[in-house]
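Below is one structure, written out as structure tokens, with a few remarks after it.
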Amino acid sequence: MSAEAGPASTGGRDEHIRRVRLPADRRTPAAARALVRSVLTEAHLDELANEAMLLTTELSTNAVEHARTELDVEVVADPVGLTVTVSDFAAGPVEELTVGVRNDATDINEVSVRGRGLLLVDHFASRWGTTYLPTGKGVWFRLDRPGLAAAGREAGSTGQAVPAAATAGGGTPAAPESSAPSAGAMSELMQTTPDPYAEDPLPDFATSLLTRVGEMVGAAGGVVRLDRGDGQGTQVLARYGRQPRPGNELLLVPLAVHRPYAGELELDAAPSAYARPLAVLMAERLSLHLENDRLRRADIRRRAWLTFLAEASELLAQSLDVELTMALVPQLVVPRLGQWCAVHTTDEWGRLRLAASSHADESVLPQLHQVLEETGPDSVQARLREASRNGTQMPLGAPMEGFAVPLIARGQRLGTLAVGRHQRHRHDPDEVAVLEDVARRAALAIENARIHAERRRIAHTLQQSLLPPVLPVVEGIGFAAEYVPTGADVDVGGDFYDVVPLPDGRWLVVIGDVSGKGVQAATVTGLVRDVIRVLVGDGKPLPEALARVNETLFERGGGRYCTLALAAVGPGDGNQLDVSLHLAGHDRPVLLPAGGGARFVGAGGTALGLLDSIATPTAEMTLDPGDSLVFYTDGVTERRRGRELFGTDRLRAAAAPLAGYSADVIAARLRSTAIGFSAEAPRDDIAILVLRNDAT
Numbered sequence: 001m002s003a004e005a006g007p008a009s010t011g012g013r014d015e016h017i018r019r020v021r022l023p024a025d026r027r028t029p030a031a032a033r034a035l036v037r038s039v040l041t042e043a044h045l046d047e048l049a050n051e052a053m054l055l056t057t058e059l060s061t062n063a064v065e066h067a068r069t070e071l072d073v074e075v076v077a078d079p080v081g082l083t084v085t086v087s088d089f090a091a092g093p094v095e096e097l098t099v100g101v102r103n104d105a106t107d108i109n110e111v112s113v114r115g116r117g118l119l120l121v122d123h124f125a126s127r128w129g130t131t132y133l134p135t136g137k138g139v140w141f142r143l144d145r146p147g148l149a150a151a152g153r154e155a156g157s158t159g160q161a162v163p164a165a166a167t168a169g170g171g172t173p174a175a176p177e178s179s180a181p182s183a184g185a186m187s188e189l190m191q192t193t194p195d196p197y198a199e200d201p202l203p204d205f206a207t208s209l210l211t212r213v214g215e216m217v218g219a220a221g222g223v224v225r226l227d228r229g230d231g232q233g234t235q236v237l238a239r240y241g242r243q244p245r246p247g248n249e250l251l252l253v254p255l256a257v258h259r260p261y262a263g264e265l266e267l268d269a270a271p272s273a274y275a276r277p278l279a280v281l282m283a284e285r286l287s288l289h290l291e292n293d294r295l296r297r298a299d300i301r302r303r304a305w306l307t308f309l310a311e312a313s314e315l316l317a318q319s320l321d322v323e324l325t326m327a328l329v330p331q332l333v334v335p336r337l338g339q340w341c342a343v344h345t346t347d348e349w350g351r352l353r354l355a356a357s358s359h360a361d362e363s364v365l366p367q368l369h370q371v372l373e374e375t376g377p378d379s380v381q382a383r384l385r386e387a388s389r390n391g392t393q394m395p396l397g398a399p400m401e402g403f404a405v406p407l408i409a410r411g412q413r414l415g416t417l418a419v420g421r422h423q424r425h426r427h428d429p430d431e432v433a434v435l436e437d438v439a440r441r442a443a444l445a446i447e448n449a450r451i452h453a454e455r456r457r458i459a460h461t462l463q464q465s466l467l468p469p470v471l472p473v474v475e476g477i478g479f480a481a482e483y484v485p486t487g488a489d490v491d492v493g494g495d496f497y498d499v500v501p502l503p504d505g506r507w508l509v510v511i512g513d514v515s516g517k518g519v520q521a522a523t524v525t526g527l528v529r530d531v532i533r534v535l536v537g538d539g540k541p542l543p544e545a546l547a548r549v550n551e552t553l554f555e556r557g558g559g560r561y562c563t564l565a566l567a568a569v570g571p572g573d574g575n576q577l578d579v580s581l582h583l584a585g586h587d588r589p590v591l592l593p594a595g596g597g598a599r600f601v602g603a604g605g606t607a608l609g610l611l612d613s614i615a616t617p618t619a620e621m622t623l624d625p626g627d628s629l630v631f632y633t634d635g636v637t638e639r640r641r642g643r644e645l646f647g648t649d650r651l652r653a654a655a656a657p658l659a660g661y662s663a664d665v666i667a668a669r670l671r672s673t674a675i676g677f678s679a680e681a682p683r684d685d686i687a688i689l690v691l692r693n694d695a696t
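Residues in the sequence shown are numbered from 1 upward in steps of one, following UniProt numbering.
Encoded structure:
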């Protein structure tokens, strides 16, 4: 059943008919236009192309946007003209799909609010109407050849088509046909698009739209204002003609954009049936591209924030120093996320302490510190304490407007991160979310730095307990030592050295290396060191002492072993020193005669803890005045530079020129040479112990 007069057709043999079903997506209007264009070409009706393209676009776009179902498009051409019918499969009256026409007895403002689709159809079509079917509804329009349109309008369809000069309702004459926009002008308006290659195409696009609309309605002037919510306030996006005069009745149309965007179109045009609908049409088209611009900028900004957070995380992760980490946080925040920033930490009594701060204007830092130190119920410090205590974000009032975010890591409240807003810009939700993320990452970095500092302190304390605080001062004998821990200074190394007095008046020089690192290696190191001290203190011979240590480590198990070098040193003939050297799997020491040269001495033996019995040959030697004996661990010879090792040959070559120098100088020079061999931090502990005959 048809609610209006159905589309007229001649039914003749020259009739051209096309039908197609199209999906409800953005490509449908273009497909519908292509279908209509092909029929026009076949029927030689090219003079109707502008109006047909415009009206087909309106009906198909309206149906896609509102019905959201598949569309049936039927195109019928005959020698007299063209009929296009667009049908959908949505339930409900046609008023939900389209709008009333301009000859309906409604206010023109209501028409512009309800839409514009059938306003254009009513203006350009010879006849049009709506059709209701069991499966949905359709809208059709008829275009007659020039010269036949007026007759077609007078014939009319039931209650729909009226002469263009008919009144619009309420006795107000409608705009004359000559003042109505042409199909070509409407087509140009609809086809105007931004330049895809321009850096910022919106100003030129808005100016082009405004100019076309202004010319179509005869406006004296117009302006488009836009506020992007970026703190710059409302800006003029486009201008046409002269400045709109405040005394006139200006046409204002808000732009349909989402926050933080806001804007309006202002047009200084005489009231007409087409001024507001065309202004609304322009506002809708511009709003669509403004929304695209807003989304594009938001996407770029979010990507920038993600990059910023990734870089901030990398910077925070690179520092394991507590003070440096806290000083880095304000530098990340200012000035990108705030005008000022302050990091407060909580001490063991729950009090807040200012750890680091920054301000975009360094001259204001003293004033910032003064405000942060003020106390009282309304002070900034009171708000910071509340934020830290409650674990929630708190706003900060004047004079330092902003907000405080608690620093929480692994459930521990570490303090607060206070950020002040920029003078001309308040934090938007994205910035607040980024700041909260920065606070979480900063809190975790600070907590990690604290844990690392505590582990480093424990490792340092334990390492120092395994080494003698000072070497003894013995007349005629010089002792010197150098120790360099591995680059990972949170682990305890297995290298150690010691100088122990023997009951017979001699001195025992000890240097060793326990396999592995960490607490387990430290326990073995302490065990070996203490057992040797006890055994030699009881007067046990060195071979027996080494056998007892081996038995203890072997029974202990755990896969730990130890290499040792023991040297009992005592007075010999004249000014000489007698040395009894025992090596248990340790590298041979270097002998530096006072006269020059360098050579390795001693015989290798079995490392301790690997076998139930060991062999530790004894090497006896004498040191003349000025002679030195250099002991070392494998951290020296296995120092790496890429694939190259420092090695024993390089050690001997570096030690040879040091013959005759004091023990302190020899130890320091060899340490410097080994460290300077590579730019990398040591992978293993380095221990050097020098024994020298200082007799003159």
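Heads up, the beta-carbon is just placed ideally off N, CA and C, and yes, glycines get one too. If you're wondering where the values come from, they're calculated on a predicted model, not measured in any experiment.
DSSP-derived helix/strand/coil call for residue i
i, result
"P682", "coil"
"G559", "coil"
"R351", "coil"
"E15", "coil"
"T158", "Low local confidence applies: a pLDDT of 35 at T158 is under 50, so the model's placement there is unreliable, with the coordinate-based value given in what follows. Three-state result, T158: coil."
"H460", "helix"
"N693", "strand"
"V474", "strand"
"L646", "Note on identity: in this sequence residue 646 is Phe, with Leu being the wrong assignment. It is coil, neither helix nor strand."
"H344", "strand"
"L466", "coil"
"A270", "coil"
"V601", "coil"
"S358", "strand"
"H258", "coil"
"G518", "helix"
"H123", "helix"
"H452", "helix"
"P395", "strand"
"D230", "coil"
Residues near residue i by beta carbon distance below 8 angstroms, same chain, minus five either side
i, result
"F677", "R639, R641, F646 and R650"
"G233", "D227"
"V64", "A24, D25, R26, T28, P29 and L71"
Range covered by the beta strand (DSSP E) that runs through residue i
i, result
"V86", "G81 to D88"
"S363", "Element bounds for S363: n/a, residue is neither H nor E."
"S38", "Premise fails: S38 lies in the alpha helix (DSSP H), T28 to A43, not in any beta strand (DSSP E)."
"V237", "Per the sequence presented here, residue 237 reads as Leu, with Val not at that position. First-last of the beta strand (DSSP E) with L237: Q235 to G241."
"A406", "For the sequence presented, residue 406 should be read as Pro rather than Ala. Start and end: G402 to A409."
"L143", "G136 to D144"
"A77", "L71 to A77"
"R127", "R127 to L133"
"R225", "G221 to D227"
"T497", "Per the sequence presented here, residue 497 reads as Tyr, with Thr not at that position. D495 to P501 is the span of the beta strand (DSSP E), which, as asked, contains Y497."
First and last residue of the uninterrupted alpha helix (DSSP H) at residue i
i, result
"residue 773", "Residue 773 is absent from the model: the chain starts at 1 and stops at 696."
"F677", "Premise fails: F677 is in no alpha helix (DSSP H) and is neither H nor E."
"Q339", "Looking at the DSSP string, Q339 is not in any alpha helix (DSSP H), and its letter there is neither H nor E."
"D195", "Run containing D195: none; DSSP gives neither H nor E here."
"Q191", "A183 to Q191"
"Q412", "Not the alpha helix (DSSP H): Q412 falls in the beta strand (DSSP E), residues Q412 to G420."
"L210", "L202 to V217"
"V380", "V380 to N390"
"residue 717", "This structure cannot settle anything about residue 717, because the visible part of the chain is limited to 1 through 696."
Residues of its chain near residue i, where Cβ-Cβ distance is below 7 angstroms and the 5 sequence neighbours each way are ignored
i, result
"A445", "L316, A317 and T325"
"W140", "P7, T83, V84, T85, W128, G129 and T131"
"T172", "Only weak support is given to the placement of T172: the predicted model assigns it a pLDDT of 32, under 50, and the question is left unresolved by the model."
Own chain residues within Cβ distance below 6 angstroms of residue i, not counting five before or after
i, result
"A409", "A443, L444 and E447"
Taking only runs of the alpha helix (DSSP H) that begin and end inside the stretch 612-637, which ones reach a length of at least 4 residues, in chain order? Within the stretch 612-637, the alpha helix (DSSP H) runs of at least 4 residues that lie entirely inside it are, in chain order, 634-637.
Ignoring anything shorter than 3 residues or poking outside the stretch 526-599, list the beta strand (DSSP E) runs there in chain order. List check, beta strand (DSSP E) in window: 562-571, 577-584 and 590-592.
With a threshold of 8 angstroms, are at least 3 pairs of Cβ atoms found where one atom belongs to the stretch 456-472 and the other to the stretch 516-530? Segments in contact, yes.
If contact is defined by three or more beta carbon pairs under 8 angstroms, each pair taking one atom from either stretch, is the stretch 275-283 in contact with the stretch 233-243? The stretch 233-243, when compared against the stretch 275-283, does not touch it at the 8 angstroms Cβ threshold.
For the stretch 283-290 against the stretch 412-426, do three or more pairs of beta-carbon atoms, one drawn from each stretch, fall closer than 8 angstroms, so that the two count as touching? Counting Cβ pairs under 8 angstroms, fewer than three are found: no touch.
Under 8 angstroms, with one C-beta from each stretch per pair, do the stretch 568-586 and the stretch 613-625 reach the 3-pair mark? Between the stretch 568-586 and the stretch 613-625 there are three or more inter-stretch CB-CB distances shorter than 8 angstroms, so the stretches are counted as touching.
Would the stretch 557-574 count as touching the stretch 604-613 if we require 3 or more Cβ pairs under 8 angstroms? Two segments are said to touch when three or more pairs of C-beta atoms, one from each, lie closer than 8 angstroms; by this definition the stretch 557-574 touches the stretch 604-613.
Is the stretch 49-61 in contact with the stretch 31-38, if contact means three or more CB pairs nearer than 8 angstroms? With the cut-off at 8 angstroms, the stretch 49-61 and the stretch 31-38 touch.
Measuring CB atoms only, is the stretch 650-670 touching the stretch 523-536, in the sense that at least three cross pairs come out at less than 8 angstroms? No, the stretch 650-670 does not touch the stretch 523-536.
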